[in-house]
Amino acid sequence: MISVSNLTVEFGGFTLYDNISFMINARDRIGLAGKNGAGKSTLLKIIAGLQKCDTGDIGMPNGCTVGYLAQDMQHNMGKTVYDEAASAFKELREMEEKVARITKELETRTDYESDEYMNLITELTEASERSHVLGGSSLEGQIEQTLKGLGFKHEDMHRLMDEFSGGWRMRVELAKLLLRRPDVLLLDEPTNHLDIESILWLEEFLTTYEGSVVLVSHDKSFLDNVTNRTVEISMGKIHDYKANYSKYLVLRKERRETQLAAAKNQQREIEKTEKLIDQFRAKASKASFAQSLIKKLDRMEIIEIDDEDNSTLRFKFPPAPRSGKVVVEANDVTKVYDDKTILSRVDFHIEREDKVAFVGKNGEGKSTMVRMIMGEKTTSGTVGPGFSVEVGYFAQDDADNLDGNKTVFETIDELAIGDVRKQVRGILGSFLFSGDSIDKKVKVLSGGERTRLALCRLLLKPHNLLILDEPTNHLDLRSKDVLKQALSNFDGTLIVVSHDRDFLSGLTTKTFEFKDKRVKQYIGDVNEFLLAKKAEDFRAIEQAAASNVSTTNQDKKQESGDTRDKESRTLKSQLNTVEKKIAELEKRIADFDAILNDANRYQELVNDRKKFDEYEAMKKELESKMEEWERIQMEIDKLK
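Positions 1 to 640 (this note's numbering) are the ones given, in order, by the sequence shown.
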C-alpha cells in the first residue's frame with residue numbers, strides 16, 4: 001500500500017536513517033521499535049507528508065488516505081467536544097454533495113454511451129463507496145460511540161474544549177482521526193493520556209480496523225495485543241520482524257546469536273585459509289593452489305553482525321536529607337471542582353522511606369491529590385508535606401512545558417545553583433545529552449528526549465520526597481528500566497502515579513487505590529495489590545469496574561434484573577433482525593454497483609427506470625435501517 005524506498009535523513013551531520021526501505025501492506029499492524037531519538041516519530045511525519053527526507057521516496061497509490069496522530073498538537077477552542085469530533089466528517093460531507101450533484105446530472109443526460117457519461121458513473125460509484133466506508137448513515141452514533149470509548153461521558157459531549165485538560169483534548173483529536181477512517185493510521189504514543197478502560201477500547205478498535213496501522217508506543221501489552229509486525233530502527237538501519245513486540249525481542253536475540261556464531265565460524269575458516277596461502281605461496285608446485293585460495297577469500301561475503309545501540313541512561317538520585325517521620329499527611333480531605341466532588345473525606349499518611357503507588361482510572365483524583373500535596377488548596381480538610389521535607393516534583397506536563405527556544409544546556413544551567421553548575425555537563429551526559437546534543441533547541445527534541453530532560457532537573461538538588469506523575473510517558477523501554485532502578489535505590493520517600501504495571505512491579509511498598517472519591521490503602525507492591533483485588537492485571541480491574549454492578553442494594557438489583565433481561569432479549573432479537581436486513585440490502589446494493597461498474601451491463605440499469613428507482617429506494621432503506629440499528633444498540637447500551 002505504501003512503500004518507503006531508500007530513505008536517508010541527516011541532521012547536522014548526524015545520520016538518522018541510512019538508505020532504509022520497507023513496505024506498509026494492507027491491514028498491517030506495525031509497531032516501530034527503537035530508543036528515544038532513533039527517529040520513530042520523524043519516520044511517521046515523513047510518511048504523513050509533514051517532513052521531508054534528504055533522499056528517497058514515499059510511494060502510495062492514488063486515493064490512499066493517511067491519518068496522523070502526533071505527540072504534540074494544536075487544539076481548536078470554543079467548540080463543544082461533540083462539534084469538534086463531528087468536524088472529522090468534512091470529507092464525508094464533500095462525498096455526499098458529490099453524489100447528489102452527479103445523480104442530479106445523470107437524471108438529465110441521455111448520452112448513455114459517451115465517455116463523459118461513463119466517467120460520471122465511475123465517479124458516482126467511487127463517491128458512494130467512499131461515503132459508505134466513512135459511515136454516512138450513522139454519524140451521530142459513531143461520534144458518541146467513539147467519544148464514549150475514549151472515556152467521555154454523555155454529559156461531556158456538549159462541554160467546551162476549553163474546559164478539558166491537554167490529555168482529554170488529545171482524546172478528541174484521536175476520536176476525529178478514528179472517525180475519518182483513513183486507509184493508513186499513523187499513531188505516535190496514542191495511549192499516553194488514556195486510562196486502562198480506554199486503552200482496552202482502542203485495542204479492540206485497532207484490531208478490527210479495516211485499514212493499516214503503524215504506531216509508536218512504549219506500552220508492551222498494547223503493542224503485543226495490536227501489532228503483528230515490528231520494525232526496529234537502530235543505528236540508522238531498520239530490521240523488519242514479522243512478529244509482535246515480545247516475539248520480536250526473542251527473534252532479535254536469536255538473530256544476533258546466529259550472526260555471532262556464523263561470524264566466528266567464518267573467521268576461523270578465513271584464518272585457516274590464510275595460513276594455507278602463506279604455507280603454499282612460496283612453493284612453485286603449490287602456487288596455483290595458493291592463488292585459488294586467494295580468489296576464494298576475495299569472493300567470500302563477510303557476515304555482518306547487526307550493530308547494537310548500547311547507550312543508556314546512567315544516573316542515581318543524590319542522597320536524601322533526613323526528614324520527619326511523617327512525610328505526607330491527609331486529614332479529612334475533600335476537593336470539589338465546579339460543583340463536582342473529586343475526592344471526599346480522604347485520610348492517609350505516608351512515612352519516611354515509604355514508596356507509594358497511586359493507581360486508579362483517569363478522573364478519580366490521583367493528580368488532584370498530587371497537586372494538593374504540592375500546595376493547591378483543598379475544599380475542606382488538610383493535606384501537605386511534613387517536617388523538613390524537600391520535594392522534587394515531576395508533573396505530567398513538565399516535558400511539554402519546557403521552553404522550546406532554549407537549548408538543552410540552558411534549560412538545566414539556569415536552574416543549577418552553586419557547585420552544581422560545575423556538574424551540569426556531567427548530569428546531562430548521564431541522561432544521554434553530550435557533545436553537540438546539549439546545544440540542540442528543546443523544540444527539536446523527541447517526546448522521550450524532553451521527558452529525560454525534565455527528569456534531569458530532579459538531580460540538581462537533593463530531595464527527600466520525590467513525586468512523579470506519569471514519569472514514563474514517552475520513555476523508551478530501556479530508559480524506563482534505568483529510571484525504575486534509580487528510584488529503587490533512592491533512599492528517600494517516593495510517590496508515583498502510573499498505569500504502567502511493568503514499571504510499578506517491585507518498585508513500591510504501598511499501593512493507594514483512588515476509586516469512588518475515596519482512597520484505599522494496600523500493603524505491598526502492585527502485584528500484591530492485584531492479588532488482593534483478585535485480578536491478573538489493571539485491565540482486569542478496569543473491566544470489572546465497567547461490567548460489575550455495585551453489590552449495594554442487591555435486593556433492588558435482583559428485582560429489576562428480570563425486567564432488564566427481558567428487555568435486553570427483546571432488543572437483541574430486534575437488533576439481529578435489523579442486522580440481517582442490513583446485510584441483505586448491502587449485498588443487493590453491491591450487485592447494482594457491480595452492474596454500474598461493468599461497461600457491458602450498466603446500460604441495462606440506466607435504461608430500466610424501475611430498477612434505477614429500486615436502487616435508490618434500497619439506499620434510502622439502508623440508511624433508515626442503519627439509524628434503527630443505532631437506536632436499538634444505544635438502548636441495549638443503556639440497559640448495560
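Even for Gly, the Cβ is constructed at its ideal location relative to N, Cα and C. Since this is a predicted model, take the numbers as computed values, not measurements.
Residue burial annotation: residue 154 is exposed, with fewer than 16 other C-beta atoms found within 10 angstroms of its C-beta.
Within the same chain, Cβ atoms closer than 7 Å to the Cβ of residue 347 are found at 330, 331, 332, the five residues on either side in sequence being excluded.
Leaving aside the five residues that flank residue 212 on each side, the residues in its chain whose CB is nearer than 8 Å to its CB run, in chain order, 1, 2, 24, 25, 26, 27, 28, 29, 30, 183, 184, 185. Between residue 375 and residue 366, the gap from beta carbon to beta carbon reaches 8 Å or more. Rounded to the nearest whole angstrom, the CA to CA distance from residue 496 to residue 526 is 12 Å.
Restricted to the region 189-229, the alpha helix (DSSP H) segments that are unbroken, complete and at least 4 residues in length are 196-208, 220-226, listed in chain order. In the three-state DSSP reduction, residue 34 falls in the coil class, being neither helix nor strand. The beta carbon of residue 17 is closer than 7 Å to those of 7, 8, 9, 39, 236 in its chain, skipping five residues each way along the sequence. The alpha carbon of residue 488 has as its nearest neighbour, out of 165, 441, 108, 315, the alpha carbon of 315. Taking all protein chains shown into account, residue 130 has 16 or more neighbouring C-beta atoms within 10 Å of its C-beta and is therefore buried.
Residue 484 carries a helical assignment under DSSP once its states are collapsed to helix, strand and coil. Taking a C-beta distance under 8 Å as the contact criterion, residue 433 and residue 320 do not qualify as a contact pair.
Less than 8 Å divides the Cβ of residue 629 from the Cβ of residue 582.
In the structure shown, the three-state DSSP call for residue 248 is helix.
Unbroken alpha helix (DSSP H) runs of no fewer than 4 residues, entirely contained in the region 382-470, are found at 408-413, 424-430, 447-456, following chain order. Taking the Cα positions, residue 151 is about 53 Å away from residue 113. Contact annotation: residue 445 and residue 416 have beta-carbon atoms that are not nearer than 8 Å. Beta-bridge analysis with DSSP links residue 132 to no other residue. Collapsing the DSSP output to three states places residue 331 in a strand. Taking every protein chain shown into account, the CB of residue 76 has fewer than 16 other CB atoms within 10 angstroms, so this residue is exposed. Residue burial is scored here from C-beta neighbours: residue 299 has fewer than 16 other C-beta atoms within 10 angstroms and is therefore classed as exposed.
By the 16-neighbour rule on beta-carbons within 10 angstroms, residue 158 is exposed. By the neighbour-count criterion, in which 16 or more other beta carbons inside 10 Å mark a residue as buried, residue 338 falls on the exposed side. Put simply, of 82, 4, 70 the residue whose alpha carbon is nearest the alpha carbon of residue 61 is 4. Ranked by how close their Cα comes to the Cα of residue 431, the residues 265, 507, 266, 456 have 456 in first place.
Membership of residue 527 in the alpha helix (DSSP H) is indicated by the continuous run 526-532. Only residues of its own chain outside the window of five on either side were considered, and among them 36, 218, 448, 451, 452, 483 have a CB closer than 8 Å to the CB of residue 475, listed in chain order. Within the region 49-91, the complete beta strand (DSSP E) segments at least 3 residues long are 55-59, 66-69, listed from N- to C-terminus.
DSSP places residue 511 inside the beta strand (DSSP E), whose first and last residues are 510-515.
DSSP, reduced to helix, strand and coil, places residue 520 within a strand of the structure shown. In this chain, the beta strand (DSSP E) harbouring residue 350 covers 340-351.
If you draw a straight line from the Cα of residue 209 to the Cα of residue 523, it is about 41 Å long.
Residue 386 and residue 189 have their alpha carbons spaced roughly 37 Å apart. When DSSP reads this structure, residue 359 sits in a beta bridge with 513. Non-local beta-carbon contacts of residue 296 in its own chain, meaning distances under 8 Å to residues more than five positions away in sequence, involve 273 in chain order. Under DSSP, residue 165 shares a beta bridge with no residue.
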